[in-house]
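Counting along the sequence shown from 1, when you hit position 492 you're at 486 in our numbering, and nothing is skipped either side.
Have a look at the structure below before the remarks.
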Amino acid sequence: VDAEGMQSYAVHWEPPPEEIYKWRFGRPKVKGSLRIYECHVGISGSEQKISSFQEFTSNVLPHIKNAGYNAVQIIGVLEHKDYSSVGYKVTNYFAVSSRFGTPDDFKKLVDEAHGLGLLVLIDIVHSYASADEMVGLSLFDGSNDCYFHSGKRGHHKYWGTRMFKYDDVDVLHFLLSNLSWWVTEYKIDGFQFHSLSSMLYTHNGFSTFTGAIEEYCNQYVDKDALIYLILANEMLHELHPDIITIAEDATYYPGLCEPTTQGGLGFDYWANLSIPEMWLWHLENVPEREWSMNKIMKVLISSNHHMLSYVENHNQSISGRKSFAEIILNTGMCSSGSVDDDLIFKASSLLKIIKLITFTTSGGAYLNFMGNEFAHPKRVEFPMSSNEYSFHLACRQWELLDKGVHKHIFNFDKDIMSLDENERVTSRGSLNVHHCDDTNMVISFTRGPFLFVFNFNPEVPYQLYRVGVDEAGEYQLILNTDETKYGGRGELKSSQYMKKTSDRRADGCRNSLELALASRSAQVYKLVRILRI
């Protein structure tokens, strides 16, 4: 496919034996939690053009490593004719997107990532396929039902894409071999299975879900699709024990991450799509002073078992939406286009505590979309007829990394990743919420030896705020969002970095701490000495 997606042609790629790509690095081993950097190669450059695999390898991979992530998840890798589809309308399941370079270019990208200790995951779209009849699978052999259902069921209810018939053994062979191909040929370390709700139900997931078990056990559930997903996970984990599979399902089908031997689907993680939607709703619709801490925590910890959490992924920046930084900053944009310092401070403070609480409540996996680690101020908009095929918003402003609020946010994001790398914060098992106060807008919880305290109040700082802890001892401050290097005011003095518990009960706990909490701030403490009483 050419850059504009207008001309379609095929290239048979089979280099002679002496020119076959020679792999230099083995697959890395990642200990602890997954810290995933989600990205799209085409928009990864600062220039208004389609960036290449080679440019991504040279320019973006070192940044990902430096930022502290241990996995890169790439969307839009599989060949697709329509660039504006972000790669989700696949036309060739066994080819890398020719817009970005050659198969060997992609192999080098994966190889160099492995050399940096980064796992490489890709989005796989086995829930539907492009309806293109010229270069796609639709009418591949001249018939309407070669790979897909015939009639209405063969087309997505709203998107018009083709729907696979998972009861056909040839379709199963095709899809399962496709997964194996990417792992063996390109040494991919895992997959995020895109939009499972589209395939799991004959209504494509466009129905009201309340969580009642009857909604997952009725005539609308495609049992053949369930069987395919079980087969996919069993095959991948049997042939490649270290493979990672992530389920993206807006309906949260029961048992996504349960073992197949116990009736589950066998995924390693499930993406909690409710978290970014919850934050978006609060930012756009709820006055900051009216945010409910209990409602926020209910979404964050509804079920963090094997849960992948994120503040923003590509969905929050694409499809006509805005990045969270853009939402906050635009609320106070002056007619001249400038933003005052108070609004910048608000944006910085809010983004930091939202990032920290989302990260520290995750179920062992966290994801960030490219650019949001430094509060990218612009959304993503791919070239299409509605914007006269402009690349103005189909790139990233990397020059902002060393400037103002963007530098502060990046410093903070990097230190969160470093904290998890050194302390294994999100690998410590379940968390215990001791304090969740809607009136004061304060949340505190423990996870292993760590205490996390958040003051979401936009107006009120607290000089001596008491929170309960189970373990008596000395707690050392190891992260504070209000530090000056993160764009904060730095009001906490070094003498306040070490706190000793008192035996005064609070929050149902035998011991407590008195902490100074700046407004819109958060602190992380580590129990460094246990006191026996």
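Virtual Cβ for every residue (Gly too), placed ideally from N, Cα, C.
Note that the coordinates shown come from a computational prediction; the quantities given were computed from them, not determined experimentally.
Continuous beta strand (DSSP E) assignments of at least 3 residues falling wholly in the segment 320 to 367:
359 to 363
Smallest Cα separation from Glu320: which of Ser303, Thr354, Lys289, Ala369?
By one-based count along the sequence shown, residue 320 stands at place 326. Selected option, being the one with the closest Cα: Ala369.
Using the beta-carbon count (16 or more within 10 Å), is Ala466 buried or exposed?
Here residue 466 corresponds to residue number 472 of the sequence shown, with the count starting at 1. By the 10 Å Cβ count, Ala466 comes out buried.
Where DSSP assigns a beta bridge to Gly184, which residues make up the other side?
For the purposes of this step, residue 184 is identified with residue 190 of the sequence shown, where counting begins at 1. DSSP lists Leu115, Ile238 as partners of Gly184.
Is His57 helix, strand or coil when you go by DSSP?
Working through the sequence shown from its first residue, we reach residue 57 at position 63. Reduced to three states, the DSSP call for His57 is helix.
Contact defined as beta carbons within less than 8 Å: I believe Phe448 pairs with Ile351. What is the distance between those atoms, to the nearest angstrom?
Counting from one through the sequence shown, the residue named residue 448 turns up at place 454. Counting from one through the sequence shown, the residue named residue 351 turns up at place 357. That belief holds up - the Cβ atoms of Phe448 and Ile351 are roughly 6 Å apart, short of 8 Å.
If you draw a straight line from the C-alpha of Ala206 to the C-alpha of Asn212, how long is it?
As a first step, residue 206 must be located in the sequence shown, where it is residue number 212. As a first step, residue 212 must be located in the sequence shown, where it is residue number 218. Near 11 Å, if we compare the C-alpha coordinates of Asn212 and Ala206.
Any chance the segment 468 to 481 sits against the segment 387 to 402, with 3 or more Cβ pairs inside 8 Å?
yes
Mark Val522 as exposed unless 16 or more other C-beta atoms lie within 10 angstroms of its C-beta, in which case mark it buried.
Taking the first residue of the sequence shown as position 1, residue 522 is located at position 528. Val522 should be labelled exposed.
Among Asn474, Leu486, Tyr469, nearest to Thr495 - alpha-carbon criterion:
Counted from its first residue, the sequence shown places residue 495 at position 501. For the residues Asn474, Leu486, Tyr469, the minimum Cα distance to Thr495 belongs to Tyr469.
N-terminal and C-terminal residue of the alpha helix (DSSP H) that Ile290 is part of:
In the sequence shown, residue 290 corresponds to position 296, counting from 1. Its alpha helix (DSSP H) spans residues 287 to 294.
Considering only the beta carbon of each residue, do Glu32 and Met364 sit closer than 8 Å?
Numbered from its first residue, the sequence shown carries residue 32 at position 38. Numbered from its first residue, the sequence shown carries residue 364 at position 370. Result yes, Cβ atoms of Glu32 and Met364 sit closer than 8 Å.
Compare the C-alpha of Thr204 against each of Pro248, Asp334, Phe88 and name the closest.
By 1-based counting over the sequence shown, the position of residue 204 is 210. Measuring from the Cα of Thr204, the nearest candidate turns out to be Pro248.
Stretch-stretch touch, CB-based, cutoff 8 Å, three pairs: the segment 38 to 54 with the segment 122 to 131
no
Ile347 beta carbon less than 8 Å from that of Val305:
Here residue 305 refers to the residue found at position 311 when the sequence shown is read from its first residue. Here residue 347 refers to the residue found at position 353 when the sequence shown is read from its first residue. Not a contact, by the Cβ cut-off of 8 Å.
Alpha-carbon to alpha-carbon, Lys340 and Tyr456
Your numbering for residue 456 matches position 462 in the sequence shown. Your numbering for residue 340 matches position 346 in the sequence shown. Roughly 18 Å separates the two Cα atoms.
Rounding to the nearest angstrom, what Cα-Cα distance links His359 and Tyr263 in this structure?
By 1-based counting over the sequence shown, the position of residue 359 is 365. By 1-based counting over the sequence shown, the position of residue 263 is 269. Reading off the sequence, residue 359 comes out as Ala, not His. Using only the alpha carbons, I get a separation of about 8 Å.
Which residue comes first and which comes last in the alpha helix (DSSP H) that contains Asn279?
Numbered from its first residue, the sequence shown carries residue 279 at position 285. Segment 268 to 279, the alpha helix (DSSP H) holding Asn279.
Considering only the beta carbon of each residue, do Ala226 and Ala265 sit closer than 8 Å?
Translated into positions along the sequence shown, residue 226 becomes position 232. Translated into positions along the sequence shown, residue 265 becomes position 271. Taking 8 Å as the Cβ cut-off, Ala226 and Ala265 do not qualify as a contacting pair.
Our contact map puts Asn307 next to Pro270 with C-beta atoms below 8 Å; I'd like the distance itself, whole angstroms only.
Stepping through the sequence shown from its first residue, residue 307 is reached at position 313. Stepping through the sequence shown from its first residue, residue 270 is reached at position 276. Between Pro270 and Asn307 the Cβ distance is about 7 Å, and since that is below 8 Å, they are a contact.
Among the candidates Ser412, Ala500, Leu458, whose CA atom is the shortest distance from the CA of Asn64?
Reading the sequence shown from its first residue, position 70 is the one you call residue 64. The option with the nearest alpha carbon to Asn64 is Ser412.
Distance, Cα to Cα, Val84 vs Arg156?
Residue mapping note: residue 84 aligns to position 90 of the sequence shown, counting from 1. Residue mapping note: residue 156 aligns to position 162 of the sequence shown, counting from 1. Going from the Cα of Val84 to the Cα of Arg156 covers about 10 Å.
Any idea which residues DSSP pairs Tyr469 with across the strands?
The sequence position of residue 469 within the sequence shown is 475, counting from 1. Answer is Lys493, Leu521.
So for Val403, helix, strand or coil by DSSP?
Taking the first residue of the sequence shown as position 1, residue 403 is located at position 409. For the record, residue 403 in the displayed sequence is Ile; it is not Val. Reduced to three states, the DSSP call for Ile403 is helix.
Kindly list the residues whose CB is nearer than 6 Å to the CB of Leu169, restricted to its own chain and excluding five residues on each side of it in sequence; keep chain order.
In the sequence shown, the residue the question calls residue 169 occupies position 175. Closer than 6 Å at the Cβ level, and outside the excluded window around Leu169, lie His120.
Quick one: give me the first and last residue of the alpha helix (DSSP H) that Leu221 is part of.
Within the sequence shown, residue 221 is the residue found at index 227, counting from 1. Checking the sequence shown, residue 221 turns out to be Ile, not Leu. 217 to 233 is the extent of the alpha helix (DSSP H) around Ile221.
Three-way DSSP call (helix, strand, coil) for Ser513 in this model:
As a working mapping, residue 513 is identified with position 519 in the sequence shown. Coil at Ser513, not helix or strand.
Express the C-alpha separation of Thr254 and Ile238 in angstroms, rounding to a whole number.
Residue 238 sits at position 244 when you count from the first residue of the sequence shown. Residue 254 sits at position 260 when you count from the first residue of the sequence shown. Approximately 15 Å, taken between the alpha carbons.
Which one or two residues does DSSP pair with Ala265 in a beta bridge?
Here residue 265 refers to the residue found at position 271 of the sequence shown. Ala265 is bridged to Leu302.
Look up Phe448 in the DSSP assignment and say whether it is helix, strand or coil.
Against the sequence shown, residue 448 aligns to sequence position 454. Phe448: strand per DSSP, three-state reduction.
Among the candidates Ser91, Ser424, Gly258, whose CA atom is the shortest distance from the CA of Ser45?
Start at 1 with the first residue of the sequence shown, and residue 45 comes out as number 51. Taking only the C-alpha atoms, the option nearest Ser45 is Ser91.
What is the residue span of the beta strand (DSSP E) that Leu72 lies within?
For the purposes of this step, residue 72 is taken as the residue at position 78 of the sequence shown. Run containing Leu72: 72 to 74, per the beta strand (DSSP E) assignment.
Would you mind sorting Tyr152 into buried or exposed? The rule is 16 or more other CB atoms within 10 Å of its CB.
Counting from 1 along the sequence shown, the entry for residue 152 is found at position 158. Classification for Tyr152: exposed.
Minimum Cβ-Cβ distance from Phe200 to chain D less than 8 Å
The structure shown contains no chain D; it is built from a single protein chain.
How big is the Cα-Cα spacing for Ile30 and Ser379?
Sequence index remark: in the sequence shown, residue 30 carries index 36 (1-based). Sequence index remark: in the sequence shown, residue 379 carries index 385 (1-based). C-alpha separation (whole angstroms): 32 Å.
Three CB pairs or more closer than 8 Å across the segment 275 to 283 and the segment 407 to 427:
no
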